[in-house]
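Everything in the sequence shown is counted per full-length UniProt numbering, starting at 1 for the first residue and increasing by one. Note that CB positions come from ideal geometry on N, CA and C, so glycine has one too. Take a look at the structure set out below.
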Amino acid sequence: MSVERETDQAADQTGRTDQAEPDERLRRGQARLAEITGRSGAEVMAALGEVAPDFARYIFEFGYGDVYSRPGLELRTRMLATVAGLVCLGHAARELHVHIGSALNVGATREEVVEVIMQMALYAGFPAALDALMIAKKVFAERGLAPPEG
């Protein structure tokens, strides 16, 4: 099978080729980020602009334009998986804060976020889960999400 035919078949299965125009990937990534976070991402570009402008572009193109835009999982599921991964890292408080908020933005509930974090205590340890629960508590308070009655 020729390389061109393999590429065409890959495009048919995913809806795009691996050779997508960089500007298209950037636009797709910026749109997906805005959908998830409710922000344009301009602050990310500006913050990294003086240090590593290419890194910001990689975040948009690869992270949001390619990975978060893939078919197969709805955004709510992707964001809950992201929260779980960040809890397991145990050293990504800023990202965890952003992604807990993003999970809520795309339909995850307060209870689902808490359950995902508690589940990660088995794999990341209780200290990582406890730290993540404290971050979640801040996010919930910022959004006026009251704790469950009980």
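Original post:
So, helix, strand or coil for Ser69, using DSSP?
Top reply: Locating residue 69 in the sequence shown gives position 69, where the first residue counts as 1. The answer is coil: DSSP assigns Ser69 none of H, G, I, E or B.
Original post:
By DSSP, does Val51 sit in helix, in strand, or in coil?
Top reply: Within the sequence shown, numbered from 1, the residue matching residue 51 stands at position 51. Of the three classes helix, strand and coil, the one that applies to Val51 here is coil, per DSSP.
Original post:
CB-CB under 8 Å to Met120, same chain, minus the five flanking residues each way: which ones, in chain order?
Top reply: As a position in the sequence shown, residue 120 is number 120, starting the count at 1. Contacts found: Ala84, Val87, Cys88, Ala128, Ala129, Ala132.
Subject >> Cutoff 8 Å: Pro53 Cβ touching any chain B Cβ >> reply: Reference to chain B is not applicable here, since this structure consists of a single protein chain.
**OP:** State whether the region 51-65 contacts the region 98-106, with contact taken as three or more CB pairs (one from each stretch) at a distance under 8 Å.
**Re:** no
**OP:** Measure from the alpha carbon of Asp66 to the alpha carbon of each residue in Val44, Ile135, Pro22, Leu48, then state which is nearest.
**Re:** The residue you call residue 66 lines up with position 66 of the sequence shown. Minimum Cα distance to Asp66 is reached at Pro22.
Original post:
Quick one: what does DSSP say Val106 is sitting in, helix, strand or coil?
Top reply: Walking along the sequence shown from the start, residue 106 turns up at place 106. DSSP places Val106 in coil when its eight states are reduced to three.
Original post:
Cα-Cα, which of Tyr64, Leu48, Glu50 is closest to Leu33?
Top reply: Indexing the sequence shown from 1 puts residue 33 at position 33. Of the candidates Tyr64, Leu48, Glu50, the one whose C-alpha sits nearest the C-alpha of Leu33 is Tyr64.
Subject >> Supposed close pair Ala93, Ile135 - CB separation, criterion 8 Å >> reply: The sequence position of residue 93 within the sequence shown is 93, counting from 1. The sequence position of residue 135 within the sequence shown is 135, counting from 1. With a Cβ gap of about 6 Å, Ala93 and Ile135 count as contacting.
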